[in-house]
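Here the structure comes first, spelled out in structure tokens, and everything after it is commentary.
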Amino acid sequence: MKKHFAQAAREAQNPDNAIELRQLSKTYDAQGRSPAKRALIDVDLDVPRGSFFALLGPNGAGKSTLINILAGLVVKSGGQARVWGYDIDSNPRRAKACIGVVPQELNLDAFFTPREVVEMQAGLYGVPKGQRQTDRILAAVGLTDKAESYARNLSGGMRRRLLVAKAMVHEPPVLILDEPTAGVDIELRQQLWDYVRGLNEAGVTIVLTTHYLEEAETLCDRIAIINHGQVVACEDKRDLLGRLDRKGLVLTVDRDIAGIAELPESLRRYNPEIRGSRQIAVSYSPSRIRVQDILSAMGEAGLTITDLSTEEADLEDVFLSLTSGAHEGGSTAA
Ligand code: ADP
Ligand code: MG
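Residue numbers (the numbering used here): 26 to 359.
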């Protein structure tokens, strides 16, 4: 069987990096009252082939701009971008054949059914009729039952999954999802992640943008953090989270505490903070201090714990620690 264009493009080479960005920049022109905006500033980034990669950053960081440049929807202002080894300037068709992009916006034509959407997209990518996987793809994203319903009758979660199906018609080796969980309920989110995980296990490189640290943490093996158009960190997940090495412990005790001075030294050395009259909050480095030691110190101080909760580092902490260098062990990343 003759290979269609997308197949040929992805088989042409097996690059070390599925995506390579060098000095990638984007400035949106001033429009009316809004001044020009530097959305990406000299971004260097490598996404290793086969990885499950998170591009993490707050709203306005530049995530969609980066994705849309790769998708060919936004024209970069400077720098280079390669997809599967193909330069998006000198080899745009091959570069495009190697990625599937699920955009942030749920832009679907309301008057087509999922089956039609997938078939048309396959046609657009030159996948011959006999090689189309429409039924399998629709089943994989859980839309078999809705294959003949108009898109306008699909829920937000179904539309998102239809966009995933659409992005996969040409079986690209790289799948990019831009904030895919917005508007998807928890159960279907799980289904979406199972499908995407399966693709990754089958060798597809996945890039996911999110502003939820937790999502990046559970799914991805490598995380880049982007803020104000610049990459402030790009590391294996474990190294990054290890570098944060901060946890919070909030303990509620059975009696009122007037102030820090009332606590014994064995507890004060953890720099506790009194919240309300009966709560003690401690921020500690899990790699150096065991929760057990803090709890023992509480016992020695004659305090009975009635409730306990933990606080993980969140995105805000990540930024603070990466950009201020204030935490021990944290450094300002390049
Ligand atoms: P993110 O996806 O991380 O939320 P975006 O890439 O959408 O970030 O936006 C990055 C910055 O560029 C923001 O300040 C945003 O307002 C601006 N921006 C995005 N798209 C446009 C556009 N088409 N015209 C002008 N400014 C834009
Ligand atoms: Mg965005």
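Ideal Cβ placement from N, Cα and C applies to all residues, glycine included.
Reference residue i; option with closest CA among the options
i: P311; options: G273, I299 and D281; result: G273
i: Q255; options: L179, T90 and R263; result: T90
i: E337; options: C259, A326 and G267; result: G267
i: R186; options: A164, K62, E196 and H195; result: A164
i: A326; options: A241, S102 and V278; result: V278
i: C259; options: K51, A55 and L80; result: L80
i: L233; options: G82, D54 and Q56; result: G82
Sub-7 Å separation of residue i and residue j beta-carbons
i: L70; j: G87; result: no
i: T230; j: V189; result: no
i: S102; j: T52; result: yes
i: K22; j: V142; result: As displayed, the chain neither begins before 26 nor continues past 359, which places residue 22 out of reach and without an answer.
i: I92; j: D203; result: yes
i: A306; j: V275; result: yes
i: L133; j: A176; result: yes
i: L168; j: P197; result: no
Through-space distance from residue j to residue i, alpha-carbon basis
i: L333; j: R303; result: 12 Å
i: G151; j: C123; result: 13 Å
i: V127; j: L95; result: 12 Å
i: G75; j: P40; result: 10 Å
i: H352; j: R58; result: Note that H352 has pLDDT 37, beneath the 50 cutoff, so the model's placement of it is unreliable and the number below is only indicative. Whole-angstrom Cα-Cα distance: 40 Å.
i: L131; j: G181; result: 8 Å
i: Q32; j: Q129; result: 26 Å
beta-carbon residue i near the ligand MG non-hydrogen atom, thresh 6 Å
i: S302; result: no
i: G115; result: Sequence inspection shows Ser at residue 115; the Gly mentioned does not correspond to that position. No, Cβ of S115 sits at least 6 Å from all heavy atoms of the ligand MG.
i: S89; result: yes
Residue i beta carbon near the ligand ADP (any heavy atom closer than 6 Å)
i: S102; result: no
i: G97; result: no
i: N39; result: no
i: Y53; result: yes
i: A380; result: Residue coverage of the chain in this structure runs from 26 to 359, which leaves residue 380 outside it and unanswerable.
Where residue i sits in the DSSP three-state scheme
i: G104; result: strand
i: D112; result: strand
i: P139; result: helix
i: L132; result: Position check: residue 132 holds Asn in this sequence, whereas Leu was assumed. Coil.
i: N252; result: strand
i: G125; result: strand
i: L98; result: coil
Chain C within 7 Å of residue i, Cβ atoms only
i: K121; result: The displayed structure is made up of one protein chain only, and chain C is not part of it.
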